[in-house]
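Chains A and B, in that order, are what the protein sequence lines are.
Residue numbers 234 to 343, in the numbering used here, belong to the letters of the first sequence in order.
Residue numbers 15 to 134, in the numbering used here, belong to the letters of the second sequence in order.
To start, the structure itself, in structure tokens.
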Amino acid sequence: QSALTQPPSASGSPGQSVTISCTGASSDVGGYNYVSWYQQHPGKAPKLIIYEVSKRPSGVPDRFSGSKSGNTASLTVSGLQAEDEADYYCSSYAGNNNYVFGTGTKVTVL
Amino acid sequence: QVQVVQSGAEVKQPGASVKVSCKTSGYSFTNYGISWVRQAPGQGLEWMGWISAYSGTTSYPQKLRDRVTMTTATSTTTASMELESLTSDDTAIYYCARSNAYGPYYFDYWGQGTLVTVSS
Chain A
234 QSALTQPPSA
244 SGSPGQSVTI
254 SCTGASSDVG
264 GYNYVSWYQQ
274 HPGKAPKLII
284 YEVSKRPSGV
294 PDRFSGSKSG
304 NTASLTVSGL
314 QAEDEADYYC
324 SSYAGNNNYV
334 FGTGTKVTVL
Chain B
15 QVQVVQSGAE
25 VKQPGASVKV
35 SCKTSGYSFT
45 NYGISWVRQA
55 PGQGLEWMGW
65 ISAYSGTTSY
75 PQKLRDRVTM
85 TTATSTTTAS
95 MELESLTSDD
105 TAIYYCARSN
115 AYGPYYFDYW
125 GQGTLVTVSS
């Protein structure tokens with residue numbers, strides 16, 4: 234199972250929006266509505282911020298939103314804040330109880 | 015509240031095995047599964063496998079299938095992951111995370127991570 238493809242980096246100024254893409258295949262992203270996104274700050278465990286393509290766990294700000302079209306999923310962070318500077322990983326269920334992560338994107342708040 | 019607490023750091027020699035445990039509390043253990051994820055220094059996340067605490071079903075990626083074993087103990091609400099034949103490439107932080115009982119769909123509560131260092 235190959236890793237999902239994400240851009241290595243993305244950036245934006247405070248208050249702006251940034252969108253991260255996540256490209257997979259019909260066997261993972263395109264085949265199931267089980268795309269998730271995780272935020273990871275340095276030295277910390279990952280944190281679930283989006284699950285099932287566009288759902289937010291309790292406590293996650295609505296500045297974070299997810300979507301999917303075909304084999305590509307996207308995470309948008311609106312109204313960027315300093316604390317949003319982190320690594321972001323997409324992931325997807327890949328059938329037969331398999332799972333795959335994306336390559337990761339480092340978001341910088343300018 | 016849901017808590018997931020992992021065992022402490024380990025240093026192992028090449029060729030040895032390591033077993034990492036994951037103590038859970040605050041939810042019905044057998045209604046969920048546990049996935050394991052590792053992260054090598056400066057690298058991304060790698061899914062290592064999943065076990066259903068409901069059925070005991072396991073799933074491992076092809077790359078690790080011959081070396082990894084995941085188990086659960088319902089009486090102590092603890093999950094464990096054992097990795098054999100360690101090499102320096104296995105040096106990483108290992109995480110456990112709560113998953114769905116029927117498949118590794120997403121991971122909502124994570125442990126703090128366990129650093130495993132493989133060195134002679």
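Ideal Cβ placement from N, Cα and C applies to all residues, glycine included.
Using a beta-carbon distance cut-off of less than 7 Å, what residues from the region 73-86 of chain B approach chain A?
-> S73, P75
Using a Cβ cut-off of 8 Å (strictly closer), state whether A/T336 contacts chain B.
-> For A/T336, the answer is yes, since a Cβ of chain B falls inside 8 Å of its Cβ.
Own chain, CB closer than 6 Å to B/V34, minus 5 neighbours either side, in chain order | Excluding positions up to five away in sequence, the list reads S21, M95, Y108, T128.
Using the rule of at least 16 other Cβ atoms within 10 Å of the residue's Cβ for burial, across every protein chain shown, is B/Q76 buried or exposed?
-> The residue is exposed, with fewer than 16 neighbouring Cβ atoms inside 10 Å.
Closer than 8 Å, Cβ to Cβ, to anything on chain A: give me those residues from the region 46-66 of chain B, in chain order.
-> S49, V51, G58, L59, E60, W61, W64
When you check each C-beta in the region 284-304 of chain A against every C-beta of chain B, which residues fall closer than 8 Å?
-> Y284, E285, P290
With a 10 Å radius around its C-beta and 16 neighbouring C-beta atoms as the bar for buried, classify A/L343 as buried or exposed.
-> A/L343 is exposed by the Cβ-count criterion.
CB-CB length for B/Q14 against B/S39, believed under 8 Å | As displayed, chain B neither begins before 15 nor continues past 134, which places residue 14 of chain B out of reach and without an answer.
Inter-stretch contact at 8 Å, needing at least 3 Cβ pairs: the region 273-285 of chain A / the region 237-256 of chain A | Three or more beta-carbon pairs separated by less than 8 Å are not found between the region 273-285 of chain A and the region 237-256 of chain A, which leaves the two stretches without contact.
Through-space distance from B/S113 to B/K37, alpha-carbon basis = 14 Å
Is the beta carbon of A/T238 within less than 7 Å of some heavy atom of the ligand ZN?
-> Only the bare structure without any ligand can be found here, which leaves the ligand ZN out of the picture.
Could you check what DSSP says for B/E60 in three-state terms: helix, strand or coil?
-> strand
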